[in-house]
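For the sequence shown, UniProt numbering assigns the number 59 to the last residue and increments by one with no breaks. Below is one structure, written out as structure tokens, with a few remarks after it.
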Amino acid sequence: MTGGVVETAEVLSIFHAGIPVPHVRFLVRNEVTDSALTGSLRTLSVESFQRLFDQRVAG
């Protein structure tokens, strides 16, 4: 994406935690505001995570 900001997500765990919809806990890094050692811890449903982060990056 030209002129866009790249965010990468590192999946830490996938869990159900007593709820019927599986969720993903992940660390997201923004190429502009975060360094390689910083980021934000977030949780989303697996479906929402797959919509937002649809490109797999080997690492």
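Note that CB positions come from ideal geometry on N, CA and C, so glycine has one too.
| query | result |
| --- | --- |
| Alpha-carbon spacing of residue 13 relative to residue 5, whole angstroms | 25 Å |
| Pairwise C-alpha distance: residue 21 and residue 55 | 22 Å |
| Where the alpha helix (DSSP H) containing residue 51 begins and where it ends | 46-52 |
| Buried or exposed by the 16-neighbour rule on C-beta atoms within 10 Å, applied to residue 15 | exposed |
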